[in-house]
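K.L.:
Take this structure first; my questions come after.
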Amino acid sequence: MSGSNGDFKQTWRVIKAGNVPKVRDKDGPHFNSASAKVYVEALPDEKQAHGPNGRDGEKPGLMDNGGGAAILTYEVDFLNAGDYRFWVRMFISDTESNSLHLGINDDWPTLGERVEGCQRNPECNNPNGGCKYYKQTGPINNAWMWVKTRREPHNGCFAQENMMAMVTVENPGVHIIKISMREDGAELDKFILTQDLDYKPTGEGPEETSLTE
Ligand SMILES: [Ca+2]
Ligand SMILES: [Ca+2]
Ligand SMILES: [Ca+2]
Numbered sequence: 070m071s072g073s074n075g076d077f078k079q080t081w082r083v084i085k086a087g088n089v090p091k092v093r094d095k096d097g098p099h100f101n102s103a104s105a106k107v108y109v110e111a112l113p114d115e116k117q118a119h120g121p122n123g124r125d126g127e128k129p130g131l132m133d134n135g136g137g138a139a140i141l142t143y144e145v146d147f148l149n150a151g152d153y154r155f156w157v158r159m160f161i162s163d164t165e166s167n168s169l170h171l172g173i174n175d176d177w178p179t180l181g182e183r184v185e186g187c188q189r190n191p192e193c194n195n196p197n198g199g200c201k202y203y204k205q206t207g208p209i210n211n212a213w214m215w216v217k218t219r220r221e222p223h224n225g226c227f228a229q230e231n232m233m234a235m236v237t238v239e240n241p242g243v244h245i246i247k248i249s250m251r252e253d254g255a256e257l258d259k260f261i262l263t264q265d266l267d268y269k270p271t272g273e274g275p276e277e278t279s280l281t282e
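Residue numbers (my numbering): 70 to 282.
Below, the structure written as structure tokens:
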């Protein structure tokens, strides 16, 4: 399940009833509200606050490069080539555990970097700058939510629709979708890849599909 892990001890752990690892996890498990009562989480959750040493990449619980730590892999059979919007259902209870990276095959493309829970900022009405149109989700969420947004390299969340999480499939057939740790403590229930840019999942989202269907 996990690949090369660099200097990180975090791995994606399967969390379900009777299978809760006894490692540091500030917000505890959330399998009861996961869509199939099971999910994965990058643990231990060492980085729980934006501390004085919190420059990107220096904390043991933050890997800013796609594929740099704790990689999940999924075989996905794509019927069509083209761009696919990525949606991921994450449980978000703090700003230091709400991001991941998306990759395909051996690539960690720009539009898969720093997928992070962001929400509309009601105090800002200008998506083109001057204020934070989206802001990072935080303790007020404390729930599973569908995320398509991405974080800018050093500040805030992208507002532009064409900067949302996406992978490009070069040709139909089976490809390897990868998810790697950015912030530890990230909890992942389900992801969706869709060519319909207007699609917006709600609730637990669609039923899981397997490679053989
Ligand atoms: Ca947790
Ligand atoms: Ca974050
Ligand atoms: Ca964390």
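Using N, Cα and C, we set each Cβ at its ideal position, and we do this for glycine too.
Tell me whether residue 101 sits in a helix, a strand or coil according to DSSP, three-state version.
P.N.:
Residue state, collapsed to three classes: helix.
K.L.:
Is residue 277 near ligand 1, judged by its Cβ being under 7 Å from some heavy atom?
P.N.:
Checking every heavy atom of ligand 1 against the Cβ of residue 277, none is found closer than 7 Å.
K.L.:
Report whether the distance from the Cβ of residue 252 to the nearest heavy atom of ligand 1 is below 7 Å.
P.N.:
No.
K.L.:
Applying the 10 Å Cβ sphere with the 16-neighbour rule, what's the burial state of residue 141?
P.N.:
Buried: at least 16 other Cβ atoms inside 10 Å.
K.L.:
Using only alpha-carbon positions, find the residue among 207, 254, 156 and 277 that is nearest to residue 132.
P.N.:
Comparing Cα positions, the closest option is 254.
K.L.:
Where does the unbroken beta strand (DSSP E) through residue 144 begin, and where does it stop?
P.N.:
Residues 140-147.
K.L.:
Less than 7 Å between C-beta atoms, sequence neighbours within five positions excluded: which residues of the same chain meet that for residue 177?
P.N.:
So the qualifying residues of the chain are 135, 136 and 170.
K.L.:
Locate the beta strand (DSSP E) running through residue 187, then write down its first and last residues.
P.N.:
Start and end: 187-189.
K.L.:
Quick check on residue 112: buried or exposed, where buried means 16 or more other Cβ atoms within 10 Å of its Cβ?
P.N.:
Buried, since its Cβ has 16 or more Cβ neighbours within 10 Å.
K.L.:
How about the segment 200-208 and the segment 266-273: do they share at least three Cβ pairs that are nearer than 8 Å?
P.N.:
The segment 200-208 vs the segment 266-273: no contact.
K.L.:
Could you check where the beta strand (DSSP E) with residue 244 kicks off and where it finishes?
P.N.:
Residue 244 -> beta strand (DSSP E) spans 242-250.
K.L.:
Given residue 168, which residues of its chain have a CB within under 8 Å of its CB, disregarding the five upstream and five downstream residues?
P.N.:
The answer, listed in chain order, is 183, 184, 185, 186, 220, 251, 252 and 255.
K.L.:
Could you check whether the Cβ of residue 205 sits closer than 7 Å to any heavy atom belonging to ligand 3?
P.N.:
Residue 205: no, Cβ never under 7 Å from ligand 3.
K.L.:
Have a look at residue 159 and residue 109 and give me their C-alpha separation to the nearest angstrom.
P.N.:
If you take the alpha carbons of residue 159 and residue 109, they lie about 10 Å apart.
K.L.:
Kindly list the residues whose CB is nearer than 6 Å to the CB of residue 225, restricted to its own chain and excluding five residues on each side of it in sequence; keep chain order.
P.N.:
Within the same chain, residue 225 has close Cβ partners 201.
K.L.:
Does any heavy atom of ligand 1 sit closer than 7 Å to the C-beta of residue 98?
P.N.:
Answer for residue 98: yes, Cβ within range of ligand 1.
K.L.:
Quick one: using the 10 Å Cβ neighbour count with 16 as the cut-off for buried, is residue 21 buried or exposed?
P.N.:
Nothing about residue 21 can be read from this structure; the chain reaches only from 70 to 282.
K.L.:
Ligand 2 heavy atoms versus the CB of residue 165: any closer than 7 Å?
P.N.:
Yes, since a heavy atom of ligand 2 falls inside the 7 Å radius drawn around the Cβ of residue 165.
K.L.:
DSSP three-state label for residue 264, please.
P.N.:
Here residue 264 sits in coil by DSSP.
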